[in-house]
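Protein sequences, first through last, are from chains X and E.
Counting in this note's numbering, the first sequence runs from 1 upward without gaps.
Counting in this note's numbering, the second sequence runs from 1 upward without gaps.
Here is the structure we will look at.
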Amino acid sequence: MTQVAHDETAFAPPAEVEEVELYHPKTFIGKYIWSQDAKVIAIQYSITAIGIGLVALVLSGIMRLQLGFPDTFSFIDPSSYIQNVTIHGMIMVIYLLTALFLGGFGNYLIPLMVGARDMVFPYVNMISYWVYLAAVLVLVASFFAPGGATGAGWTLYPPQAILPGTPGSDWGIVLMLISLALFIVGFTMGGLNYVVTVLQARTRGMSLMRMPLTIWGIFMATILALLAFPALFVSAIMMILDQTIGTSFFMPAVVSMGEQLDYDGGSPILFQHLFWFFGHPEVYIVALPAFGIVSDLISVHARKNIFGYRMMVWAIIAIGALSFIVWAHHMYVSGMHPYFGFFFATTTLIIAVPTALKVYNWVLTLWKGNIRLTVPMLFAIGFIFTFVNGGITGLFLGNVTVDVALSDTYFVVAHFHMVMAVSPILVVFGAIYHWYPKITGRMLNDTLGKTHFWITFLGTYAIYYPMHYLGILGVPRRYYANGVTDFIPESAQSLNAGITVAALIVGVAQLIFIYNLIISYSRGKEAGGNPWEATTLEWQTPDTPPKHGNFGDELPVVYRWAYDYGVPGAELDYIPQNQPPRPTSTDSEA
Amino acid sequence: MTVTLILLAGMMAVIVGWLIRQTTNVSPWVADTGVQEYDNNRNNPDQLQADSVKIGLGVFLAVATSLFALFISAYMMRMELADWSPLNDPDILWFNTAFLVVASVYFQLAHNSVKRLDANKVRTYFLVAGIFTFIFLIGQLEAWRQLSEAGYYLSNNPANAFFYLFTAVHGLHLFGGLWVWCKTTLKFAEAKGKAPEVAIVARSVELCTIYWHFLLVVWLVLFALFIYT
Ligand code: HEM
Ligand SMILES: [Cu+2]
Chain X
1 MTQVAHDETA
11 FAPPAEVEEV
21 ELYHPKTFIG
31 KYIWSQDAKV
41 IAIQYSITAI
51 GIGLVALVLS
61 GIMRLQLGFP
71 DTFSFIDPSS
81 YIQNVTIHGM
91 IMVIYLLTAL
101 FLGGFGNYLI
111 PLMVGARDMV
121 FPYVNMISYW
131 VYLAAVLVLV
141 ASFFAPGGAT
151 GAGWTLYPPQ
161 AILPGTPGSD
171 WGIVLMLISL
181 ALFIVGFTMG
191 GLNYVVTVLQ
201 ARTRGMSLMR
211 MPLTIWGIFM
221 ATILALLAFP
231 ALFVSAIMMI
241 LDQTIGTSFF
251 MPAVVSMGEQ
261 LDYDGGSPIL
271 FQHLFWFFGH
281 PEVYIVALPA
291 FGIVSDLISV
301 HARKNIFGYR
311 MMVWAIIAIG
321 ALSFIVWAHH
331 MYVSGMHPYF
341 GFFFATTTLI
351 IAVPTALKVY
361 NWVLTLWKGN
371 IRLTVPMLFA
381 IGFIFTFVNG
391 GITGLFLGNV
401 TVDVALSDTY
411 FVVAHFHMVM
421 AVSPILVVFG
431 AIYHWYPKIT
441 GRMLNDTLGK
451 THFWITFLGT
461 YAIYYPMHYL
471 GILGVPRRYY
481 ANGVTDFIPE
491 SAQSLNAGIT
501 VAALIVGVAQ
511 LIFIYNLIIS
521 YSRGKEAGGN
531 PWEATTLEWQ
541 TPDTPPKHGN
551 FGDELPVVYR
561 WAYDYGVPGA
571 ELDYIPQNQP
581 PRPTSTDSEA
Chain E
1 MTVTLILLAG
11 MMAVIVGWLI
21 RQTTNVSPWV
31 ADTGVQEYDN
41 NRNNPDQLQA
51 DSVKIGLGVF
61 LAVATSLFAL
71 FISAYMMRME
81 LADWSPLNDP
91 DILWFNTAFL
101 VVASVYFQLA
111 HNSVKRLDAN
121 KVRTYFLVAG
131 IFTFIFLIGQ
141 LEAWRQLSEA
151 GYYLSNNPAN
161 AFFYLFTAVH
171 GLHLFGGLWV
181 WCKTTLKFAE
191 AKGKAPEVAI
201 VARSVELCTI
211 YWHFLLVVWL
221 VLFALFIYT
């Protein structure tokens, strides 16, 4: 299989690139606060994202308390419930997952994995983080604004988003929209960096088709985000104008609380189109990096090359391109033309093909692999299960006739939590367990990690499996309480109580993870440079954690792809990407 | 959404086409030196940085294209609803358009003079281009004033609202460009008299030229949209 070069003279000498001017910080503040080093920015992004993510987790716990034990907790009222739903959804999707995958992992991994010293525009990269932080602070501020945070649902549909009666319809929604606009501005600055760095700063020998799939996933997701976020930006600006100045972009003529408002003729459906034009690609902005990372985790920990590397790359590209023409499957119940629905149902089902292909390839990579059941591997396998699960209910919901019945029920809540909440989160955990040793130089505790995995993995099934049944019964989403409803049997309440118990256990179990992160930083086992015996460049740095500039004096030269595991005849069961081919006397086959 | 779809389909086709071309006909599993293709321009960090900045600008323009295309989509979808009444475009827009065209032409002239290494001309053309841009922006503000004097406020009618919104967004983009223009002007001052005077500013001049051409095209599209609807 592997062809090797014939004689040593064919090897490329290290490139004689002049030392690029790197920005060298001198003070503590310059190094860790106003840092332009992508690795530090990555950690700033990650800590901020995880911090705000914990807030969202607490909010979900509060929601579950209400749902499981209605009328028990006086601090939850209908308004605060729907505010919690909204902010929980928004934080999880955008401020946690998007920021963590692209701002966190993107910043840390892109330069290291493609063999660059840093991002191409470090200064812009630094600003990107600070704008993101500002976005988060504005979001948090909206809680304390008069009227509280917005309760419009994470989809922020007008007209209700800005009508009195919805919580936070004056301040909350405006701050939410400003925060989103800031997020998008900050992301665009980061995104420019990720794309240009992948295109321009790869080291010698790192052709596009030798990049690890992690980088492919992050790269394509960034392109999607750059093109899709403007849709959210446009709708945010127009909605701010509707709310503050009284334009009627989205607002139809309405009578609100017996009063005819000044709005006239606007179109809420227009907002839905814009929102989902961003919203659906957003799902893949979160999913593609997860796909990429999971491919690498599986390959490393199964000691086997990824099955069908090229197919995986093309699938990422195809999914990225297709994800722009499926958005209206979120709008089947908006009264669209039936042929429209037919078109979008078809494209939705087509996108399942490259997605399924990836799943097959992951499973085939595991097949006859030399599987090491490390914690990252457990999370990667957990991801495959969960993703298949959520993907299959997605096929149900992609069909108009099925969706019309299930729309806005707990079936949808179960579906999207499986496919875009739990699955990517499992990858986030797997990735942190995998790269923490590189970031800190120490291993995370294994027992704590395994405990964390099993509670989270089984726990999420206990939470979301039953929700499918609730959905089929017709229990609506975003409801504070169901009251006495004919079609909902009383047993549904016991189920809800059970779900809440599971949710609280899972929520609290995350403390194990946080504890592990903190304690291992000083007490963890020394990791060494390459604890997983992986091939990619970030594990070949002279220092662990990598110093500013990443690779010491000379940039590595890449001779092979990232998946040379278990190569027959090789000394070790892995060959790093920067190891030159061994000269052999025998012909091409090795 | 058709407008956006067509534009995005175009952009996606370019991206996907390029990626497919890079990724077919390679055997990633083959280990070899494979570094030849990198040796061309990667030995020169200056050139690399220059290319990166240009690609960075290109990516940014793609984002801006997406933004304006979506705004235009929204306009066209909103236009089809019952309460739409077209805006009487102030005549001054024609003059403004002319100023912006002139600005773009001068940028192009400056850029051409860079190739001829004529430092004085580069400087003059570059300055003139910026001044015409300022005039354009002032003209846009005048258009706003005329409209609001005639009683067309942002909130009375969706066509008005879109007009204010589009001109504001476009103007802000130009404003950002002018900021870079100011910085480059300072560079000119610094470079004056130094040996490769043109070389010091060449890159900025080129980037400005590309950016202004882009914003001119955007403005022409927006203007046509206002006139025909
Ligand atoms: C232990 C973890 C989690 C629990 C217990 C949980 C629970 C909930 C609950 C109870 C709701 C509200 C359902 C309703 O009343 O309609 C909800 C909504 C939602 N969740 Fe989660 N969630 C969790 C994690 C996540 C994650 C990681 C994401 C990331 C994508 C996420 C995304 C969302 C979204 C988008 C909504 C919809 C909000 C809306 O309807 O506007 N959740 N979640
Ligand atoms: Cu979707």
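C-beta atoms are modelled at their ideal positions from N, C-alpha and C, and glycine is treated no differently.
Being a predicted model, the structure only gives us computed values, none of them experimental.
Suppose you measure from the CA of residue i to the CA of residue j; what does that come to, to the nearest Å?
| i | j | result |
| --- | --- | --- |
| residue 477 of chain X | residue 127 of chain X | 38 Å |
| residue 577 of chain X | residue 409 of chain X | 49 Å |
| residue 161 of chain X | residue 227 of chain E | 33 Å |
| residue 521 of chain X | residue 442 of chain X | 7 Å |
| residue 563 of chain X | residue 352 of chain X | 26 Å |
| residue 126 of chain E | residue 138 of chain E | 19 Å |
| residue 10 of chain X | residue 209 of chain X | Residue confidence is low: residue 10 of chain X scores 37 on pLDDT, short of 50, so the model does not pin down where it sits. No coordinate-derived value is stated. |
| residue 422 of chain X | residue 517 of chain X | 20 Å |
| residue 260 of chain X | residue 331 of chain X | 28 Å |
| residue 435 of chain X | residue 216 of chain X | 18 Å |
| residue 102 of chain E | residue 132 of chain E | 7 Å |
| residue 110 of chain X | residue 84 of chain E | 49 Å |
| residue 100 of chain E | residue 539 of chain X | 53 Å |
| residue 5 of chain E | residue 72 of chain E | 12 Å |
| residue 167 of chain X | residue 312 of chain X | 45 Å |
| residue 348 of chain X | residue 22 of chain E | 27 Å |
| residue 282 of chain X | residue 229 of chain E | 33 Å |
| residue 190 of chain E | residue 182 of chain X | 35 Å |
| residue 105 of chain E | residue 201 of chain E | 18 Å |
| residue 160 of chain E | residue 154 of chain E | 6 Å |
| residue 171 of chain E | residue 31 of chain E | 52 Å |
Quick test of your reading: residue i and residue j, contact by CB under 8 Å. State the CB separation rounded to the nearest angstrom.
| i | j | result |
| --- | --- | --- |
| residue 57 of chain E | residue 207 of chain E | 6 Å |
| residue 291 of chain X | residue 268 of chain X | About 34 Å; that fails the 8 Å criterion. |
| residue 452 of chain X | residue 527 of chain X | About 19 Å separates the two Cβ atoms, so there is no contact after all. |
| residue 70 of chain E | residue 234 of chain X | 5 Å |
| residue 308 of chain X | residue 370 of chain X | That belief does not hold up - the Cβ atoms of residue 308 of chain X and residue 370 of chain X are roughly 19 Å apart, past 8 Å. |
| residue 473 of chain X | residue 488 of chain X | 6 Å |
| residue 276 of chain X | residue 327 of chain X | 4 Å |
| residue 232 of chain X | residue 184 of chain X | 6 Å |
Whose Cβ in chain X lies nearer than 8 Å to the Cβ of residue i?
| i | result |
| --- | --- |
| residue 71 of chain E | 234 |
Going by the CB atoms, is the gap between residue j and residue i shorter than 8 Å?
| i | j | result |
| --- | --- | --- |
| residue 524 of chain X | residue 544 of chain X | no |
| residue 96 of chain X | residue 56 of chain X | yes |
| residue 115 of chain X | residue 555 of chain X | yes |
| residue 375 of chain X | residue 100 of chain X | no |
| residue 393 of chain X | residue 417 of chain X | no |
| residue 599 of chain X | residue 170 of chain X | There is no way to answer for residue 599 of chain X, as the model of chain X reaches only from 1 to 590. |
| residue 158 of chain E | residue 248 of chain X | yes |
| residue 574 of chain X | residue 535 of chain X | yes |
Anything in chain E within Cβ reach of residue i, meaning under 9 Å, just list it in chain order.
| i | result |
| --- | --- |
| residue 555 of chain X | None at all; the shortest Cβ gap to chain E is about 10 Å. |
| residue 312 of chain X | Result: empty, since nearest Cβ-Cβ is about 10 Å, beyond 9 Å. |
Going along chain X, which residues have a C-beta under 7 Å from residue i?
| i | result |
| --- | --- |
| residue 83 of chain E | 264, 265 |
| residue 16 of chain E | 317, 321 |
| residue 48 of chain E | 200 |
List, in chain order, every chain E residue whose beta-carbon is nearer than 7 Å to that of residue i.
| i | result |
| --- | --- |
| residue 323 of chain X | The contacting residues do not exist; residue 323 of chain X stays about 10 Å from chain E at best. |
| residue 210 of chain X | 28 |
| residue 560 of chain X | 31 |
| residue 248 of chain X | 158 |
| residue 245 of chain X | 154, 155 |
| residue 192 of chain X | 56, 59, 60 |
For residue i, which residues in chain A fall below 9 Å Cβ to Cβ?
| i | result |
| --- | --- |
| residue 273 of chain X | Considering every chain present, this structure includes no chain A. Its protein chains are X and E. |
Kindly list, in the order they appear in chain X, the residues whose Cβ is closer than 9 Å to that of residue i.
| i | result |
| --- | --- |
| residue 22 of chain E | 207, 208, 209 |
Mind pulling the chain E residues with CB within less than 8 Å of residue i?
| i | result |
| --- | --- |
| residue 196 of chain X | 52, 55, 56, 59 |
| residue 188 of chain X | 60, 63 |
How do the region 143-159 of chain E and the region 105-118 of chain E stand: do at least 3 beta-carbon pairs fall below 8 Å, yes or no?
no
Any chance the region 456-465 of chain X sits against the region 236-244 of chain X, with 3 or more Cβ pairs inside 8 Å?
no
Sufficient close CB pairs (3 or more, under 8 Å) joining the region 121-136 of chain X to the region 219-236 of chain X:
no
Would the region 14-23 of chain E and the region 309-323 of chain X be scored as touching if the rule is three or more Cβ pairs under 8 Å?
yes
Are there three or more Cβ pairs, one per stretch, closer than 8 Å when the region 293-306 of chain X is compared with the region 557-573 of chain X?
yes
So does the region 393-402 of chain X actually touch the region 56-74 of chain X, counting three or more Cβ pairs closer than 8 Å?
no
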